[in-house]
Amino acid sequence: MKKPHWLALLALFFLNHSFAQDQQLVDSLLLQLKNHHSQKLSAGSELPALYDTAAANILKELSVAYWFSDYDKATDYAKQCLMLSEKIGYKKGIGTAYNLMGIIHIYKGDCVPALEYLTKALEIRKEIGDQRDIVITINNIASAYYSMSNYAEALKYYLEALKINEEDGDKELQADNYGGLAIVYTDIHNYPEAIKYHLKCIELREEIGDNESIAWARINLAEMYLLKGDFTEALDQLHTARALS
193 MKKPHWLALL
203 ALFFLNHSFA
213 QDQQLVDSLL
223 LQLKNHHSQK
233 LSAGSELPAL
243 YDTAAANILK
253 ELSVAYWFSD
263 YDKATDYAKQ
273 CLMLSEKIGY
283 KKGIGTAYNL
293 MGIIHIYKGD
303 CVPALEYLTK
313 ALEIRKEIGD
323 QRDIVITINN
333 IASAYYSMSN
343 YAEALKYYLE
353 ALKINEEDGD
363 KELQADNYGG
373 LAIVYTDIHN
383 YPEAIKYHLK
393 CIELREEIGD
403 NESIAWARIN
413 LAEMYLLKGD
423 FTEALDQLHT
433 ARALS
């Protein structure tokens with residue numbers, strides 16, 4: 193399992209960004225979940241699946257809210273999402289739950305089970321035919337292989353996702369692909385390719401207008417310049433990132 197790059201930790205000070213779980217968001221989601229349960233009971237036999245589908249989606253959001261602060265709670269809510277989705281035959285929820293558990297295991301460093309969950313998610317999402325969800329899962333599979341230092345497989349899946357995104361014109365996910373490719377090429381010391389994909393990523397982020405993502409892309413580019421020994425350019429990129437925060 194790859195350890196987080198130290199520059200990403202430094203970036204927290206440059207961006208004043210915290211991954212702490214937002215308790216206000218969690219409280220709001222828990223209240224929504226409670227209200228949905230009450231509304232379902234009031235509705236009786238009418239539209240129960242609608243309330244269960246909404247509840248599954250809230251459980252997904254609760255899992256995401258705990259990603260960076262409490263793996264056990266994140267896993268518990270993902271499992272609840274899976275159980276409820278399976279109970280009502282909600283395929284999108286099933287695919288989402290498997291994808292969530294895959295991501296959580298990547299964060300924990302358990303990449304073998306992560307790949308098992310993500311493979312299940314990809315299979316279900318292909319059955320549904322939602323291209324965006326398919327690409328997101330392929331990206332996550334690439335991330336799992338990257339975390340295992342299996343760069344060949346990581347590149348393979350990032351390029352597969354990129355091909356789909358270029359055909360569909362999804363700029364946000366294209367930028368994610370470019371960023372992933374750039375980081376892989378940085379790790380294998382192919383700096384010309386890394387620079388190319390970092391700049392492609394930044395260009396798309398700027399078109400979208402997502403300043404936080406632009407800042408992170410520039411931080412990744414700074415790390416590449418640092419590894420290359422170009423300290424002046426690395427510092428320039430970090431200062432540019434800070435100005436965007």
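No gaps in the numbering here: position 23 of the sequence shown is 215 in the working numbering, and each next residue is one more.
For glycine and all other residues, C-beta sits at the position ideal for the given N, C-alpha and C.
(message) For Asn291, report the span of its alpha helix (DSSP H) as first-last.
(response) 283 to 300
(message) To the nearest angstrom, how far is the alpha carbon of Ile406 from that of Tyr350?
(response) Approximately 19 angstroms, taken between the alpha carbons.
(message) Output needed for Thr432: all residues of its chain with C-beta closer than 7 angstroms, excluding positions within five of it in sequence on either side, in chain order.
(response) Arg410
(request) Using the Cα positions of Asn357 and Thr329, report the straight-line distance between them to the nearest angstrom. (result) 13 angstroms
(request) Tell me whether Phe423 sits in a helix, a strand or coil according to DSSP, three-state version. (result) helix
(message) Mapping the DSSP letters down to three states, classify Ser341 as helix, strand or coil.
(response) coil
(message) Could you compute how far the alpha carbon of Val376 sits from the alpha carbon of Gln215?
(response) 34 angstroms
(message) Tell me which residues share the same chain as Leu199 and place their Cβ nearer than 6 angstroms to its Cβ, disregarding the 5 neighbours each side in the sequence.
(response) Confidence is the limiting factor: at Leu199 the pLDDT is only 40, short of 50, which leaves the residue's position unreliable and the question unanswerable from this model.
(message) On the criterion of 16 or more Cβ atoms from any shown chain inside 10 Å, does His390 qualify as buried, or is it exposed?
(response) buried
(message) Taking the alpha carbon of Arg397 as the reference point, which residue from Val327, Glu315, Lys363, Leu314 has its own alpha carbon closest?
(response) The candidate whose alpha carbon is nearest that of Arg397 is Lys363.
(request) List the whole-angstrom C-beta distance separating Ala270 from Ile296, where the pair is believed to meet the contact cut-off of C-beta under 8 angstroms. (result) 7 angstroms
(request) Go ahead and label Asp264 buried or exposed: buried means 16 or more other beta carbons lie within 10 angstroms of its beta carbon, across all protein chains shown. (result) exposed
(message) My output table needs one value for Gly372: the three-state DSSP class, helix, strand or coil.
(response) Gly372: helix per DSSP, three-state reduction.
(message) Given this structure, state the Cα-to-Cα distance separating Thr424 from Cys393, to the nearest angstrom.
(response) 21 angstroms
(request) Any chance you could list the beta strand (DSSP E) runs of at least 3 consecutive residues sitting entirely within the stretch 311 to 341, in chain order? (result) none
(request) Look up Asn249 in the DSSP assignment and say whether it is helix, strand or coil. (result) helix
(request) For Thr245, collect the residues of the same chain with a Cβ closer than 6 angstroms to its Cβ; drop the 5 residues on either side in sequence, then sort them by chain order. (result) Taken in chain order, the residues that qualify are Tyr282.
(message) What would DSSP say about Trp259, mapped onto helix, strand or coil?
(response) coil
(request) Determine the closest residue to Gly174 out of Thr288, Ala367, Glu345, with distance taken between C-alpha atoms. (result) There is no way to answer for residue 174, as the model of the chain reaches only from 193 to 437.
(message) Using a Cβ-Cβ cutoff of less than 6 angstroms, which residues in the same chain neighbour Asn291 once the five nearest sequence positions on both sides are dropped?
(response) Ala313, Thr329
(message) The alpha helix (DSSP H) that contains Ile400, what's its start and end?
(response) 383 to 400
(request) Give me the Cβ distance between Ala247 and Leu276, rounded to the nearest whole Å; I'm assuming they're in contact under 8 angstroms. (result) 6 angstroms
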